[in-house]
Amino acid sequence: MDKLMENHWFLKGISLLLALMLYMSTNLTDKNTTGNTSASLFPTGDVTETVSNVVVAVNYDEDKYIVSGVPKYVKIKLEGPKNVITAARSQREFGVSLDLRGYSTGTYDVPLKYTGMENNLKATAQPAKVKVTIQKKAKKSFPVEVKYSNESQMQGSMVEKPTIKPGTVEVIGTEEELAKVALVRAYIDLKGITKTVTKTAEIVLYDEEGRKLDLQTTPSKVNVTIPVSNPTATNNIEKTVPLTYVKKGSLPEGLAVTNIGIEPNEVTISGPKDVLDNIKSLEGVEVDLSKITESTTFDASVLLPKGVTNVSPSQVKVSVEVQKQKNVKHKTIDGISIQKNGLSDEFTLQLLSPQSEKISVDISGEASIVDKITAAQITASINLQNVSSGTHDIPIQVSGPSNVSIEAKQKNVKVTLVKKEKPDQEVQGKPEQPDSQKDKENETEKPTEKPTEKSTEKPTEKPTEEQNKESEKKNEAEKQKEQNKGANSNG
């Protein structure tokens, strides 16, 4: 053995063997390899690996056709030497393509082709074929409609008709796809806008059922100019009214409201006089009890009713105090009269349901508090502001002590509003006078007419008749004289 160790050829052979073993073990690891991707001088055996998310490149006449059914990504199973696969995965020089050149309209099963593969690699796509549908490309122009959001937050400002450039867009798709297009909209957020602005908005397509359509449009965006005007102060008045809240939803089981406060509890509103005259208080804050799990304070925006142009302050602090209920009690109170708020003087109101104009409410809360609540502490009201003539279902708002839950058994009332008829003098333009008055007027008018007739007609007739009678008498007298003369001469 010592002799072998002293033999330098033996040592060289051992070194070469160890080097080969080290090289082979390195190529069997999963380290990333760069450089030449050709086969190793010392093959390590074939392996199989799968590469995911390989993009499918499609070749077709894009000016004439639309292709559907092509997957965006496929998987490729690679089989070959480990070092070659590792290098191929690292450099990603291979790919998958779908060649549809030469195909006409129709549905086809087309095999995928591979590009950039090493000769000693075997590739299999999953799936190996794809079913594609080729249809003729069509184009159609549609008008663009502008839809606003947060319009109610434009305090003191009014939006006029917008200008859209371009006013129409060209939608590209198949004939079948274009037939589904029902709405072409551009959305504009008006929050914070106080003067005329121009905004860029993306085009959104919808079908008749309100579902979005994924189709190409040219252009994909439009410029929308929104004219904003501020009504002059001469057309508006200001009025300070109490600010109240509306409860929405219910607290989680086991909790009860002990107090709801608003700071400040009065706001100043602006708007046309005929609108503000019908507003006695402003239900401008919504308190969503379903989101409250403990006593809290939050900022809330004051909601503006229709016709009101401004409110100050526009934000208030709302504090909601809750406590865990120990002894919960439920009670029903009947005979709560319905108040009608905001009814214009132009209308008469008929309440169809309930005809009694009274409702019942359910109250729940701490037993000691519920027992003391009476009907006089509960208010039920409906808001008739800006309600037009006709029959409507109006929601009932109930309020009362804040430390209990109050719900109306009947959620809505059915009312009919009828526009009052204008008086006859307004309709005809001239007041219609009673017959007695007409007779008096006739009596005063006749003397002014008849004397004129007498003075112009009858006085001219009487002299003519008298003259005729006198001339007749003269003629008869002359005849009588002649007869007398004849008689005398004969005698």
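Start counting the sequence shown at 1; every next residue gets the next number (UniProt numbering).
Backbone N, C-alpha and C fix where the C-beta goes; we use that ideal spot for every residue, glycine too.
Asked	Found
Using only the alpha-carbon positions, how far apart do residue 184 and residue 145 sit?	6 Å
Check the C-beta distance from residue 376 over to residue 337 and give it rounded, since I have them as a contact under 8 Å.	No, residue 376 and residue 337 are not in contact; Cβ-Cβ is about 11 Å, not under 8 Å.
Give me, in chain order, the residues of the same chain whose beta-carbon lies closer than 6 Å to that of residue 400; leave out the 5 immediate sequence neighbours on both sides.	377, 378, 406
Kindly list the residues whose CB is nearer than 6 Å to the CB of residue 139, restricted to its own chain and excluding five residues on each side of it in sequence; keep chain order.	170, 172
What is the DSSP secondary structure of residue 296, reduced to helix, strand or coil?	strand
Does the separation of the CB atoms of residue 410 and residue 368 fall below 9 Å?	no
Taking the beta carbon of residue 296 as the centre, do at least 16 other beta carbons fall within 10 Å, making it buried, or is it exposed?	exposed
If you check the beta carbons only, do residue 382 and residue 340 fall under 9 Å apart?	yes
Look up residue 381 in the DSSP assignment and give the residues it is bridged to.	339, 397
Rounded to a whole number of angstroms, what is the C-alpha to C-alpha distance between residue 257 and residue 247?	11 Å
Identify, in the order they occur along the chain, each residue of the same chain with its Cβ nearer than 6 Å to the Cβ of residue 334, setting aside the five sequence neighbours on each side.	360
From the DSSP output, in three-state form, read off residue 34 for me.	In this prediction, residue 34 has a pLDDT of 39, which is less than 50 and means its spatial position is unreliable; what the coordinates show is noted afterwards. Three-state result, residue 34: coil.
Between the Cα of residue 137 and those of 83, 68, 187, spot the shortest distance and give me the residue it belongs to.	68
If you scan the region 106-159 from start to end, which runs of the beta strand (DSSP E) of 3 or more residues do you find wholly inside it?	106-111, 113-115, 122-126, 129-136, 138-143, 145-149
Using only CA atoms, which one of 254, 110, 299, 135 lies nearest to residue 284?	299
Leaving out five residues before and five after residue 58 in sequence, what residues of the same chain have Cβ atoms less than 7 Å from its Cβ?	67, 70, 98, 100
Which residues in the same chain as residue 135 place their Cβ atom closer than 7 Å to its Cβ, once the five residues preceding and following it in sequence are excluded?	65, 66, 105, 174
Do you know offhand how far residue 236's Cα is from residue 177's?	50 Å
Within 10 Å of its beta-carbon, does residue 149 have 16 or more other beta-carbons around it, so buried, or fewer, so exposed?	exposed
Anyone know if the C-beta pair for residue 279 and residue 210 falls short of 9 Å?	no
Determine whether the Cβ of residue 415 lies closer than 9 Å to any Cβ atom of chain C.	No chain C is present in this structure, which holds just one protein chain.
Leaving out the 5 sequence neighbours to the left and right, which residues in its chain are closer than 8 Å to residue 219 when beta-carbon positions are compared?	166, 169, 203
Looking at the unbroken beta strand (DSSP E) that takes in residue 409, where does it start and where does it end?	Counting along the chain, residue 409 falls outside any beta strand (DSSP E), and DSSP gives it neither H nor E.
What did DSSP end up calling residue 99 once you bin it into helix, strand or coil?	strand
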